[in-house]
Amino acid sequence: MFKILALIACLAIVASAQYHGVPEHKDYHDHPKYKFEYGVKDPHTGDHKT
């Protein structure tokens, strides 16, 4: 009788457990969009380059 009760208890525990699985990878970071300007505008020295 004890074995049957223990088996039922174990089955109840296993049946009530939720399956979470492997977490899905979500890429929240978008690719960066850079805009470089290498021009020089220095009014002190008069250096102006584009």
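Residue numbering for the sequence shown follows this note's numbering, beginning at 172 and increasing consecutively.
Beta carbons are placed, not taken as given, at the ideal position from N, Cα and C, and that holds for glycine.
No experiment lies behind these values; they were computed from the predicted model shown.
- Per DSSP, what kind of secondary structure is residue 193 in: helix, strand or coil? On the sequence shown, position 22 is the one that residue 193 refers to. Note: residue 193 maps to coil in three-state DSSP.
- Could you tell me the distance, in whole angstroms, from the CA atom of residue 221 to the CA atom of residue 194? Within the sequence shown, numbered from 1, the residue matching residue 221 stands at position 50. Within the sequence shown, numbered from 1, the residue matching residue 194 stands at position 23. When the Cα atoms are used, residue 221 and residue 194 turn out to be separated by approximately 49 Å.
- Item | Residue(s) in a DSSP beta bridge with residue 219 | Mapped onto the sequence shown, residue 219 falls at position 48. In DSSP, residue 219 forms a bridge with 212.
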